[in-house]
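Visitor: For the sequence shown, this note's numbering assigns the number 18 to the initial residue and increments by one for each residue that follows. Glycine is no exception: its CB is placed at the ideal position from the N, C-alpha and C atoms. Because the structure is a prediction, the values reported are computed rather than measured.
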Amino acid sequence: MSLYSAGVEYGIHCLLFLVDERGDSRESSVRDLAELQGVPQEYLAKVFTKLARAGLVAATEGVRGGFRLARPSDEITVLDIVNAIDGPKKIFDCREIRERCAVFEGSAPGWATEGTCAIHAVMLGAQKRMEEALAQQTILDLARRFGRKAPAEFGQKVNDWMGERREGKASASDIPLTPV
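(1) Which of helix, strand or coil does DSSP assign to S46?
(2) Given a cut-off of 8 angstroms on the beta-carbon distance, is the pair F171 and L33 in contact?
(3) Going by C-alpha distance, which of A101, C134, V25 and I114 is nearest V56?
(4) Name the two residues that bound the continuous alpha helix (DSSP H) containing A150.
(5) Using DSSP's beta-bridge definition, name the partner residues of T66.
(6) Please list the terminal residues of the continuous beta strand (DSSP E) segment that includes R161.
(7) For F84, which beta-bridge partners are listed by DSSP?
(8) Please work out which residues of its chain come closer than 7 angstroms, Cβ to Cβ, to L96, disregarding the five sequence neighbours upstream and downstream, and give them in chain order.
(9) Take Q154 and list the residues in its own chain whose beta-carbon comes closer than 7 angstroms to its own, dropping the five residues that flank it on each side.
(10) What residues match up with V199 in a beta bridge as DSSP calls it?
(11) In its own chain, which residues sit with a C-beta less than 6 angstroms from the C-beta of I29, not counting the 5 before and 5 after it?
(12) Do S46 and G72 have their beta-carbon atoms positioned less than 8 angstroms apart in this structure?
(13) Can you grab the Cα-Cα spacing for the pair F109 / A87, in whole Å?
(14) Just the Cα atoms here: how many angstroms apart are S90 and L61?
(15) How big is the Cα-Cα spacing for L50 and E113?
(16) According to DSSP, what are the bridge partners of T130?
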């Protein structure tokens, strides 16, 4: 079972498409991002509502409206995205079973329950390190890493694809709805 939802993966991928490897911002609609990546548009719309509520993306108005990053890409961490979409998550829920040892016959001595459970302490440390690692990676870091991996023409193809979608929306709006 995954700790984080598919929405986190969708959200991170979408934000990567809203920025290039130089950190320059792009704008896109949820519909176009869903189509570009082959993910459910309805679910992605809910993800973007959460991202907007967290101040990570901002809606743009007009026929060509959509979303853009609300902050510079080097100021949006993976932890920000995770928390916006799934909320803070604990990787471990201590059940305090140390109190239930049969040898204690229903009444655990103080030495057995005093302080933080050693197992829980290990898990808290792991949680802290995981969150620190997520907080150290920004959307710009990921975009640059992706940019080094992808062929140079891929970024241009994405820009062209998004541009065609935006132009198509503008063309459709230029058509009068009533006879002239």
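Guide: In terms of the structure at hand:
(1) coil
(2) no
(3) V25
(4) A135 to Q153
(5) Partner(s): none; T66 has no beta bridge.
(6) Careful: R161 lies outside any beta strand (DSSP E), inside the alpha helix (DSSP H) at I156 to K166.
(7) S45 and A76
(8) E148, L151 and A152
(9) T94 and V95
(10) Examination of residue 199 is not possible in this model, given that the chain is present from 18 through 197 alone.
(11) I98
(12) no
(13) 32 angstroms
(14) 20 angstroms
(15) 45 angstroms
(16) Answer is none; T130 lacks a bridge partner.
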